[in-house]
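Student: The opening position of the sequence shown corresponds to residue 115 in this note's numbering, with each subsequent residue numbered one higher.
Sharing a structure, written as structure tokens. Questions coming.
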Amino acid sequence: MRNAELGTRNSRTRPPVRSSSVPRSAFRLPRLLKGALLLALLPPPAGAQQPDSVPTDTLPPVVVTGVRLPTVRELARGLAGRTATLSAADLDARGVRSLADALEQLPGVTVADELGAPSELDVTLRGFQVSPTIGLPQGVTVYLDGVRVNEPDAHEVNFDLLPLEDVDHVEVTYGPSVLLGRNSLGAAVNLVTRRGATPADREVEVSGGSFGRYELKAHAGDRRGMWDYYVGARYEHEDGWRALTRSRIGTLFGKVGVNTGTWDATLSYAAADNRIYQAGSLPESVYAVAPRVNFTSGDYFAPQAHLVTLNAHRLLGGSRVQVAVNAFGRTLTADQFNKNASPPDTRERNRERIGGGAVQLSGTLSLRARPLRWLAGVDGAYQHTGVRLYAVRSGAPDSLTESVLANEVDLGAFVGANWPLAPSLTATIAGRYDYIRVPFEDLLDAGQSGLNIFRRFSPRVGLTWRGPSGHELFGSVSRGFRAPALVEIGCADPAAACPLPFALGPDPALRPVVATTYETGWRFRGRTGRVDLSADVYWTDVRDDIFFVAATLTAGYFQNIGATRRAGLELGAQWSSRPDRGRGGGRGGGGLRAYANYGYTAATFHSTVDLATPRDPAGEVVVSGNALPLVPDHRANAGIAVPLVVGSASGPSLRLGIDGRYVGRQWLRGDEANTTRRLPDYAAADASLTLEWQRFEVRCSVRNVLDRRYPSFGTFAENPLAPGTPVQRFLTPGFPRQLQVSVSAEF
115 MRNAELGTRN SRTRPPVRSS SVPRSAFRLP RLLKGALLLA LLPPPAGAQQ PDSVPTDTLP
175 PVVVTGVRLP TVRELARGLA GRTATLSAAD LDARGVRSLA DALEQLPGVT VADELGAPSE
235 LDVTLRGFQV SPTIGLPQGV TVYLDGVRVN EPDAHEVNFD LLPLEDVDHV EVTYGPSVLL
295 GRNSLGAAVN LVTRRGATPA DREVEVSGGS FGRYELKAHA GDRRGMWDYY VGARYEHEDG
355 WRALTRSRIG TLFGKVGVNT GTWDATLSYA AADNRIYQAG SLPESVYAVA PRVNFTSGDY
415 FAPQAHLVTL NAHRLLGGSR VQVAVNAFGR TLTADQFNKN ASPPDTRERN RERIGGGAVQ
475 LSGTLSLRAR PLRWLAGVDG AYQHTGVRLY AVRSGAPDSL TESVLANEVD LGAFVGANWP
535 LAPSLTATIA GRYDYIRVPF EDLLDAGQSG LNIFRRFSPR VGLTWRGPSG HELFGSVSRG
595 FRAPALVEIG CADPAAACPL PFALGPDPAL RPVVATTYET GWRFRGRTGR VDLSADVYWT
655 DVRDDIFFVA ATLTAGYFQN IGATRRAGLE LGAQWSSRPD RGRGGGRGGG GLRAYANYGY
715 TAATFHSTVD LATPRDPAGE VVVSGNALPL VPDHRANAGI AVPLVVGSAS GPSLRLGIDG
775 RYVGRQWLRG DEANTTRRLP DYAAADASLT LEWQRFEVRC SVRNVLDRRY PSFGTFAENP
835 LAPGTPVQRF LTPGFPRQLQ VSVSAEF
């Protein structure tokens with residue numbers, strides 16, 4: 115668990131790392147990675163280079179879309195709202211390291227670095243956040259092949275666990291996603307992993323760059339007859355640009371698929387074994403002269419995760435009905451250490467065991483001689499979460515201070531349909547009912563145990579008009595909700611604020627967060643796909659938003675705060691000199707490509723509320739109209755890919771890529787009343803040069819090419835190094851200029 119930086123800062127003394135804190139399995143996965151990397155380099159079996167014939171009546175490969183399970187792409191398109199898709203080529207062209215990096219190129223998305231670790235960034239989308247940091251109101255859900263990866267303890271997302279290098283494409287559904295389930299207040303993000311195909315694909319990539327970073331990636335995939343496979347592996351090491359912030363990240367992914375003509379199914383396995391040291395924010399006076407200083411030396415996060423997923427579907431009843439099934443099992447074991455400003459330090463050990471599945475039916479009926487597309491299904495999950503907190507004192511064994519357990523049960527049922535009211539006008543309706551049972555068991559004091567149950571129906575209606583020449587207009591109204599997480603439930607009593615990271619107990623019940631979104635938009639897509647334009651206006655009213663507030667400099671609690679609102683405008687434009695723009699900037703993409711996005715977000719409080727703040731022991735009064743912290747009002751980005759040399763089939767090609775971004779001013783966390791100086795706005799640019807020749811590619815990329823200095827995050831905290839330990843502004847510096855060179859080869 116990584117707590118939000120609200121009132122405590124860690125000292126500069128780094129404790130000795132105990133060998134017992136590194137599990138034995140931490141050494142197993144690197145060996146598995148080596149085996150997977152070797153497998154990717156092996157030549158295929160005889161004849162594997164030639165695709166076998168496949169019966170023409172087989173099902174198409176499983177394609178996961180923005181609905182609950184991998185079916186009904188047409189209905190997903192008819193949901194009447196903004197969607198976005200990033201292909202593997204798009205991700206590769208920008209050299210992204212995490213999902214946060216990938217999402218940054220979309221309209222209205224802002225990325226911040228609270229923890230001082232490039233693999234653990236915060237993402238804000240439409241004023242809602244998704245982050246690896248506990249204590250933030252998480253409002254975006256993330257799925258991997260249809261499996262929710264928000265953690266059950268605080269709904270946070272550990273981006274470092276996701277196998278982004280093995281992703282075929284990323285789908286983003288803006289606004290409350292009724293079909294995908296709860297917590298999708300701002301958006302739902304679904305990562306769809308790769309699958310073996312013909313011709314056989316094998317690639318290895320080696321890269322190195324600034325601050326001691328090196329990386330090795332490899333993957334291999336093929337399809338023979340009705341069988342296909344894919345395997346990928348990645349190992350990354352970095353010393354870090356700030357002091358004592360080294361990291362080690364290893365991921366492994368494999369998938370086996372079969373298409374019998376009746377069933378199409380895939381079985382996949384994903385694993386991650388990481389260790390990441392964090393830096394956090396700095397006093398503003400230190401930030402100005404020594405931004406590389408680590409004020410929290412010794413903080414680290416060491417997770418190990420495993421995920422097994424089965425997806426399958428088949429046609430029934432003469433191909434008019436399709437059934438899809440999903441089953442998964444996931445485990446996470448995490449060790450988090452926090453060096454506190456005053457002893458004792460804190461160690462948290464987290465253990466999660468999650469299992470679940472879903473069944474979905476979909477099909478097409480004829481209603482008044484027009485096709486009615488429909489789907490209906492049920493899903494469920496069992497989430498076992500155990501959290502142990504230890505007080506760590508020098509020269510003494512760790513002392514157990516908290517031990518809690520929750521066996522959460524989530525059940526849901528959903529239904530959706532769209533039907534053309536007229537040849538160019540389609541109506542969409544969808545709904546979902548959720549039942550969530552969160553028992554809270556204190557293993558040290560049974561009298562502190564409790565039970566929370568949440569029930570909610572979430573609807574969505576919309577209209578879509580498709581006009582001539584690629585124009586489309588849509589409007590929708592949708593409602594979503596977020597049930598309080600385990601940590602929020604156990605830390606909600608103002609009279610018994612929780613010491614950070616958290617001391618948990620059965621505090622007064624929190625109400626679920628309910629968000630109602632009104633959205634209208636326009637999109638134009640040229641017939642050849644060379645031009646894609648879009649504009650959206652949205653308005654989201656949120657009731658009973660949950661905030662973590664600091665009651666003192668070392669403690670805080672969660673509370674419902676009444677009403678908030680997110681409203682904004684999103685503009686997007688993409689252009690390509692060739693009709694193959696969707697292939698992105700990877701091998702074979704070719705052509706001149708350009709994009710530009712703009713997002714305006716007004717995220718404000720809409721009720722008067724008293725909040726505690728570390729700036730003032732008396733607290734602060736937030737009134738209607740005050741802006742939410744760390745949500746910039748303006749966000750713009752643009753990029754261009756220019757082919758400098760267009761090579762023949764066997765000749766070299768050279769491509770230049772430039773991406774720029776602008777982020778507006780933001781209020782600091784802890785200044786919800788908007789009374790102090792805001793974080794300044796900033797602009798930064800990245801550049802890359804890519805040489806391709808036959809099966810080889812060499813890329814040189816530079817992040818923050820102009821070496822701009824800017825803070826990406828700000829809060830208030832006690833400075834233990836200043837006389838009197840005053841509360842000061844703490845800032846996290848943005849990444850400086852970074853160079854990376856990579857070489858890849860296909861076999």
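In this text, a Cβ means the ideal position worked out from N, Cα and C, and glycines have one as well.
Because the structure is a prediction, the values reported are computed rather than measured.
By Cβ distance, which residues of its chain are closer than 8 Å to F273, with the 5 residues on each side in sequence left out?
Tutor: Result list for F273: S212, L213, A214, S233, E234, L235, P246, in chain order.
Student: How many Å lie between Q163 and E860 at the Cα?
Tutor: Only weak support is given to the placement of Q163: the predicted model assigns it a pLDDT of 40, under 50, and the question is left unresolved by the model.
Student: Quick one: what's E633 bridged to in DSSP?
Tutor: Beta-bridge pairing links E633 to S590, Y652.
Student: Roughly how many whole angstroms lie between the Cα atoms of Q673 and F662?
Tutor: The straight-line gap from Cα to Cα measures roughly 7 Å.
Student: Whole angstroms are fine: how far does the CA of R692 sit from the CA of L706?
Tutor: Straight-line Cα distance between these residues: approximately 7 Å.
Student: Excluding five sequence neighbours on each side, which residues of the same chain lie with their C-beta closer than 6 Å to the C-beta of A710?
Tutor: So the qualifying residues of the chain are A687, A752.
Student: For the alpha helix (DSSP H) containing Y257, list its first residue and its last residue.
Tutor: That residue, Y257, is in no alpha helix (DSSP H); its beta strand (DSSP E) goes 254-258.
Student: At 4 residues or longer, what runs of the alpha helix (DSSP H) sit wholly inside the segment 341-388?
Tutor: Those alpha helix (DSSP H) runs which fall completely within the segment 341-388 and span 4+ residues do not exist here.
Student: According to DSSP, T727 sits in a beta bridge with which residue or residues?
Tutor: In DSSP, T727 forms a bridge with D730.
Student: Comparing C-alpha positions only, which one of S517, T460, V591, R502 sits nearest to S508?
Tutor: Closest by alpha carbon: T460.
Student: Using DSSP with H/G/I as helix, E/B as strand and the rest coil, what is I603?
Tutor: I603: helix per DSSP, three-state reduction.
Student: Measure the CB-CB distance between E786 and E734 and report whether it falls below 8 Å.
Tutor: Cβ distance < 8 Å, so E786 and E734 count as in contact.
Student: Examine the Cβ distances between the segment 407-414 and the segment 440-447 and report whether three or more of them are shorter than 8 Å.
Tutor: Touching, no, given that fewer than three Cβ pairs across the two stretches are closer than 8 Å.
Student: Using only the alpha-carbon positions, how far apart do G354 and Q497 sit?
Tutor: Straight-line Cα distance between these residues: approximately 34 Å.
Student: Could you say which of L519, G494, P840, V492 lies nearest to L503 if we only look at CA atoms?
Tutor: Of L519, G494, P840, V492, the residue nearest in Cα terms is L519.
Student: Apart from the five residues on each side of it in sequence, which residues of its chain come closer than 6 Å, Cβ to Cβ, to S324?
Tutor: So the qualifying residues of the chain are Q852, L853.
Student: Between G222 and L239, is the Cβ-Cβ spacing less than 8 Å?
Tutor: Yes, Cβ-Cβ distance for G222 and L239 is below 8 Å.
Student: When the Cα atoms are used, what is the spatial distance from A198 to L793?
Tutor: Roughly 29 Å separates the two Cα atoms.
Student: Does the distance from the C-beta atom of R769 to that of T715 stay below 8 Å?
Tutor: The answer is no: Cβ separation not under 8 Å.
Student: Using a Cβ-Cβ cut-off of 6 Å (strictly less than) and excluding sequence neighbours within five positions of V857, which residues of its own chain qualify?
Tutor: Same-chain partners within the cutoff: V320, V812.
Student: Give the single residue among Y796, E329, Q474 whose Cα lies nearest to the Cα of D821.
Tutor: For D821, the nearest C-alpha among the options comes from Y796.
Student: Nearest-angstrom Cα distance between R817 and D646?
Tutor: Roughly 27 Å between the two C-alpha positions.
Student: Based on Cα-Cα distance, which residue from L587, T630, A741, G289 lies nearest to T789?
Tutor: Here the closest residue by C-alpha is A741.
Student: For V403, name the three-state secondary structure that DSSP assigns.
Tutor: V403: helix per DSSP, three-state reduction.
Student: With DSSP collapsed to three states, give me the class of P159.
Tutor: Below a pLDDT of 50, predicted positions are generally treated as unreliable, and P159, at 42, falls in that range; the measurement from the model is reported next regardless. If DSSP states are grouped into helix, strand and coil, P159 belongs with coil.
Student: Roughly how many angstroms lie between the CA atoms of L725 and V254, to the nearest whole one?
Tutor: The straight-line gap from Cα to Cα measures roughly 24 Å.
Student: Can you tell me the Cα-Cα spacing of I603 and V523, whole angstroms?
Tutor: In a straight line, the C-alpha of I603 is about 15 Å away from that of V523.
Student: Considering only DSSP beta bridges, list what E317 is partnered with.
Tutor: Partner(s): H333, E860.
Student: Exposed or buried, which one is F141 when buried takes at least 16 other CB atoms within 10 Å?
Tutor: Only weak support exists for where F141 lies, its pLDDT of 36 falling under 50; the coordinates are left without a value.
Student: Taking the straight line between their C-alpha atoms, what separation do you get for E586 and A472?
Tutor: If you take the alpha carbons of E586 and A472, they lie about 33 Å apart.
Student: Just to confirm before moving on: does the CB-CB distance between A527 and V492 stay below 8 Å?
Tutor: It is a contact, given that the beta carbons lie within the stated cut-off.
Student: Buried or exposed: which applies to D267, given that a residue is buried once 16 or more other Cβ atoms fall within 10 Å of its Cβ?
Tutor: So D267 ends up on the buried side.
Student: Would you call D889 buried or exposed, if buried means 16 or more other Cβ atoms sit within 10 Å of its Cβ?
Tutor: What the structure shows of the chain is the stretch from 115 to 861, and residue 889 is not part of that stretch, so it cannot be assessed.
Student: Give me the DSSP bridge partner(s) of L845.
Tutor: For L845, which the question treats as bridged, DSSP gives the partners L396, G828.
Student: Can you tell me which of the three DSSP states P834 falls into?
Tutor: It is coil, neither helix nor strand.
Student: Give the range of the alpha helix (DSSP H) segment to which A302 is assigned.
Tutor: That residue, A302, is in no alpha helix (DSSP H); its beta strand (DSSP E) goes 301-307.
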